[in-house]
Amino acid sequence: MSLKKRAIIDEKTVAYVRQLAALNLTPDQIKQFAPQLSTVLSYVAQIQELDTKQVPETHQVTYQTNVFRPDVIDTSRCLSQAQALENAPQTHHGYFVVKSIF
Numbered sequence: 007m008s009l010k011k012r013a014i015i016d017e018k019t020v021a022y023v024r025q026l027a028a029l030n031l032t033p034d035q036i037k038q039f040a041p042q043l044s045t046v047l048s049y050v051a052q053i054q055e056l057d058t059k060q061v062p063e064t065h066q067v068t069y070q071t072n073v074f075r076p077d078v079i080d081t082s083r084c085l086s087q088a089q090a091l092e093n094a095p096q097t098h099h100g101y102f103v104v105k106s107i108f
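Numbering-wise, the sequence shown is residues 7 to 108 according to the numbering used here.
Below you can see the structure in the form of structure tokens.
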């Protein structure tokens, strides 16, 4: 589909999408967006016409890799349950007691 064969997005379609997306658009904005969206879809149609059979799939263009570290628990930096609760103003069966928040 070339730019001459434009996808037609009319004001009715824009109004419908506005309703689905719960957007606050004025009638003037709807009139403005209809041709703009048609143009965008025309460009997408042009891209879809390209022959990409010889183009390898690309999933990472920066060639950077994630750096992970092992998830190891450092027990020297952990508090026991008793240590964690020792300064709590109120506890119950090994848990902090706080006011309800509703």
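Here a beta-carbon is modelled for each residue, glycine too, at the ideal position from N, C-alpha and C.
Values in this document were obtained by computation on a predicted structure and should not be read as measured data.
For V20, the enclosing alpha helix (DSSP H) stretches over residues 17-27. The three-state reading of DSSP puts F102 in strand, counting E and B together.
The DSSP-derived three-state label of T81 is helix. By the Cβ rule, the segment 33-40 does not count as touching the segment 50-61, because fewer than three pairs are nearer than 8 Å.
A Cβ-Cβ separation of about 28 Å leaves L43 out of contact with V61 under the 8 Å criterion.
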